[in-house]
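Visitor: Have a look at this one before I ask anything.
2 protein chains.
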Amino acid sequence: MLFFTQCFGAVLDLIHLRFQHYKAKRVFSAAGQLVCVVNPTHSLKYAPTRCAVAQTSTEQGSLPPCHHHEAVHDPQLVPCTCPLFSCPWEGHLEVVVSHLRQTHRINILQGAEIVFLATDMHLPAPTDWIIMHSCLGHQFLLVLRKQEKYKGHPQFFATMMLIGTQTQADNFTYRLELNRNQRRLKWEATPRSVLECVDSIISDGDCLVLNTSLAQLFADNGSLAIGIAITTSKVHNSEAEI
Amino acid sequence: MLFFTQCFGAVLDLIHLRFQHYKAKRVFSAAGQLVCVVNPTHSLKYAPTRCAVAQTSTEQGSLPPCHHHEAVHDPQLVPCTCPLFSCPWEGHLEVVVSHLRQTHRINILQGAEIVFLATDMHLPAPTDWIIMHSCLGHQFLLVLRKQEKYKGHPQFFATMMLIGTQTQADNFTYRLELNRNQRRLKWEATPRSVLECVDSIISDGDCLVLNTSLAQLFADNGSLAIGIAITTSKVHNSEAEI
C-alpha cells in the first residue's frame, strides 16, 4: 500500500513539473529554449559570510582538505565558490565546476539561452536557487537569492558569475529577463568573476533586484521564470559611455 | 555688483545644464532623441495621500473650486492628478493637461522617444521628478519618485500614466531604460490611467524600482538619465501569456 502511495506521489510530482515546464515554455515562446526547473535550497551559511569564513579559516590555517588541499598554500588555489555552504574546499579554478557538481550537486545546463524556473518563491529568506550554465565555451553560475537586506522586507537578487577570472568575464554580457502579465523587466550586465563573493555583489546591489511585490507580479503559482541569455560583449562596444 | 554675480551664476547654471544634456545624449546615442532636464520637487503632500485627501474632501463636500468646480457634483469630473500637491481642483479629463501645465508648471514634451534627465538624485525623500510626454496623439505623465517605503531605506520608483481612461491606456506600452557602465535595465509595461493614484501604483510595486545603490550605478554626477519610449501595445499581442 505504501509503495502505491509513493508511486502516486511521484507521478503527481512529475505531472506538476511537466505542467510548470509547459507554462514556462509558453512564456518564453522562442522555440528550443531549454527550461530548467530549479528547486530552492535553504542557505546554511548566513551567520558569518562565506568570504569571512574562508578568510578566517585561511588566517587560522585550520582548513581540513576536501579534494585538492595542499600542505603548502598555493596562491593559484581558490576557495569553494558555492554560495550555499561554508565549504572548506580549495582547488584550482579549472576544477571548481566539477567540485560544485559533485560535492554540492549543482546542475549544469547547456545552451546560449535557457529559462530558469525557480520554484517555491514563498519560502522564507534566506533561500537560494542555483544552477550552472555552460555556454560559449565557458561555465557560468546563476544565483537567485531571497534575502532580507532590510529586516522584515525580503527581496530577490539575481546575478550571473563566470567561473573564471574577471578578465575572462569582461568578454561577456549576460541578460536576465522576466516577462509576464504584459510586463517585462530586463537586466543586462557584464558577469562578475566567481572569485568575487556573491554576497558582496548583492550588498553592492549590482544585480537584478526585485521587491516581493514585483516578484509576485512576475511569478506564476509560486514559480518565477527567468530567461537567461549570454553573448560576447561586443554589444557594449557600440554604447557611447560617459 | 549683485547683478553681475547673478548673471555669472545664471551662465554657470546654463553651462552645467548644457553639459548634462550633452552627456545624456552620449549615453542615449540614438540621433534626434530629445533630452529633457527635469529638476526635483520636494513633495508637500505626504501626510495623508492625495487619494485619501481627495476621498475625505469629497466625503465632506468641502472642496473649494480651483478652476472648473461646480456646485452640483458631476460624475465626469476627475480630481487633480498632480502627484505633488493635495490640490482641490476638479475638472473634466480633457482639461487635466492644461491644469497640470498652468497650475503646477509641469513641462510637456513631444516625441516618441525622449530622455528624462533627473537631476539632484541625492536629495532626501520624499522627492518627485515629473514631466508630461505628448506622443501618439495622447499625453502621458511620467513620475520618478524617491520615497522611503521602508524607513531609512529610500528607493526610486518610476512609472508612466496615460492622461486618459484605463481602456485607452491598454492600447499602449511604455518602456523605461537605464543604460550606463555596461549595465542596462529595461522596464516595459502597459501604462496605468492617471485616474488611478500614483501612490497605489508605487505601493503595489508595479513600476520600475531602484535601490539607491543601483541608482548610483546608473547615475552620473548626481543625475539619472532614463530613456522613455511609447509604442502601441501590439508587441504584447505576440506574447504567449499564461
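Top to bottom, those sequences are chains A and B.
The opening residue of the first sequence carries number 1 in the UniProt record's numbering; numbering runs sequentially from there.
The opening residue of the second sequence carries number 1 in the UniProt record's numbering; numbering runs sequentially from there.
The beta carbon of each residue, even a glycine, is placed where N, CA and C say it ideally should be.
1) Determine, using beta carbons only, whether aspartate 199 of chain A comes closer than 8 Å to chain B.
2) Thinking C-beta only, is glutamate 177 of chain A closer than 8 Å to arginine 183 of chain A?
3) List, in chain order, every chain B residue whose beta-carbon is nearer than 9 Å to that of valine 78 of chain A.
4) Taking all protein chains shown into account, decide if leucine 162 of chain A is buried (16 or more other Cβ within 10 angstroms of its Cβ) or exposed.
5) Could you tell me the alpha carbon to alpha carbon distance between valine 35 of chain B and lysine 186 of chain A, rounded to whole angstroms?
6) I'd like to know if asparagine 39 of chain B contacts chain A, where contact means its C-beta is closer than 8 Å to some C-beta of that chain.
7) Given methionine 121 of chain A, which residues of its chain have a CB within under 7 Å of its CB, disregarding the five upstream and five downstream residues?
8) Where does serine 86 of chain A fall in DSSP's three states?
9) Grouping DSSP H, G and I as helix and E and B as strand, with all else coil, what is isoleucine 228 of chain B?
10) Whole-angstrom Cβ separation of alanine 229 of chain B and arginine 192 of chain B, contact assumed at under 8 Å?
11) With C-beta atoms as the reference, is glutamine 188 of chain A less than 8 Å away from arginine 175 of chain A?
12) Do you know how far the Cα of valine 38 of chain A is from the Cα of histidine 138 of chain A?
13) Using CA atoms only, rank isn't needed, just tell me which of A:Thr165, A:Ala112, A:Phe157 is closest to glutamine 76 of chain A.
14) Who are the Cβ neighbours of proline 124 of chain B in its own chain at under 6 Å, not counting the five residues just before and after it?
15) With leucine 136 of chain B and threonine 212 of chain B assumed to form a contact (beta carbons below 8 Å), what rounded beta-carbon distance in angstroms separates them?
16) Quick check: is the beta carbon of histidine 153 of chain B nearer than 8 Å to any beta carbon in chain A?
17) Counting C-beta neighbours from all protein chains within 10 Å, is the total for histidine 92 of chain A 16 or more, i.e. buried, or is it exposed?
18) Would you check if the distance between the CB atom of threonine 190 of chain B and the CB atom of threonine 173 of chain B is smaller than 8 Å?
19) In the DSSP output, what is asparagine 211 of chain A paired with across the bridge?
20) Please classify glutamate 94 of chain A as buried or exposed, where buried requires at least 16 neighbouring CB atoms within 10 angstroms.
21) List the residues of chain A whose Cβ lies closer than 9 Å to the Cβ of asparagine 211 of chain B, in chain order.
22) Have a look at leucine 141 of chain B and valine 96 of chain B and give me their C-alpha separation to the nearest angstrom.
23) Using a Cβ cut-off of 9 Å, pull out every chain B residue sitting near leucine 217 of chain A, in sequence order please.
24) Under 7 Å from any heavy atom of the ligand SAM, does the C-beta of serine 98 of chain B make it?
25) If we ignore side chains and look at the alpha-carbon of each, how far apart do histidine 104 of chain A and phenylalanine 157 of chain A end up?
26) Kindly indicate the opening and closing residues of the beta strand (DSSP E) around aspartate 120 of chain A.
27) Consider the Cβ of proline 64 of chain A: report whether some Cβ of chain B lies at a distance smaller than 8 Å.
28) Could you check which residue in A:Ser203, A:Val198, A:Thr81, A:Leu109 has the C-alpha nearest to that of tyrosine 150 of chain A?
29) With a floor of 3 residues, list each beta strand (DSSP E) that falls wholly inside the segment 90-117 of chain B, ordered by position along the chain.
30) What separation, rounded to the nearest whole angstrom, lies between the Cα atoms of serine 86 of chain B and valine 143 of chain B?
31) Could you check the C-alpha separation between aspartate 206 of chain A and isoleucine 130 of chain A for me, to the nearest Å?
32) Would lysine 186 of chain A count as contacting chain B if we go by Cβ distances under 8 Å?
33) Note down, in chain order, each residue of its chain lying with its Cβ closer than 6 Å to the Cβ of residue 243 of chain A, except the 5 sequence neighbours on either side.
34) For a cutoff of 8 Å on Cβ pairs, would you count leucine 214 of chain A as touching chain B?
35) State buried or exposed for glutamine 155 of chain A, treating a residue as buried only when at least 16 other CB atoms are found within 10 Å of its CB.
36) Taking 6 Å as the limit between beta carbons, can you name the residues of its chain near serine 134 of chain B, skipping five residues before and five after?
Guide: In brief:
1) no
2) no
3) Neighbourhood of valine 78 of chain A in chain B, by CB distance below 9 Å: empty, with the nearest CB roughly 24 Å away.
4) buried
5) 23 Å
6) no
7) Ala215, Ala219, Gly222, Ser223, Leu224
8) Here serine 86 of chain A sits in coil by DSSP.
9) strand
10) Not quite, the Cβ-Cβ distance comes to about 17 Å (not below 8 Å), so this is no contact.
11) Sequence check: residue 188 of chain A is glutamate here, not glutamine. Yes, the pair counts as a contact, with Cβ atoms nearer than the cut-off.
12) 21 Å
13) Closest option to glutamine 76 of chain A, judged by alpha-carbon separation, among A:Thr165, A:Ala112, A:Phe157: A:Thr165.
14) none
15) With a Cβ gap of about 33 Å, leucine 136 of chain B and threonine 212 of chain B do not count as contacting.
16) yes
17) So histidine 92 of chain A counts as exposed.
18) Yes, the Cβ-Cβ distance between threonine 190 of chain B and threonine 173 of chain B is below 8 Å.
19) According to DSSP, residue pairing for asparagine 211 of chain A in a beta bridge involves A:Gln155.
20) exposed
21) Lys149, Gln155, Gly205, Val209
22) 11 Å
23) Asp204, Gly205, Asp206
24) No copy of the ligand SAM occurs in the structure displayed, which carries no ligand at all.
25) The alpha-carbon atoms of histidine 104 of chain A and phenylalanine 157 of chain A are separated by roughly 21 Å.
26) It is not in any beta strand (DSSP E) - aspartate 120 of chain A carries neither H nor E in the DSSP assignment.
27) With a pLDDT of 35 at proline 64 of chain A, under the threshold of 50, the predicted position of this residue should be treated as unreliable, and no value is reported.
28) For tyrosine 150 of chain A, the nearest C-alpha among the options comes from A:Ser203.
29) 108-110
30) Counting only the Cα atoms, valine 143 of chain B lies some 16 Å from serine 86 of chain B.
31) 18 Å
32) yes
33) Absent from the model: residue 243 of chain A. The displayed extent of chain A is 1 to 242, so no value can be given.
34) yes
35) buried
36) Ile108, Gln110
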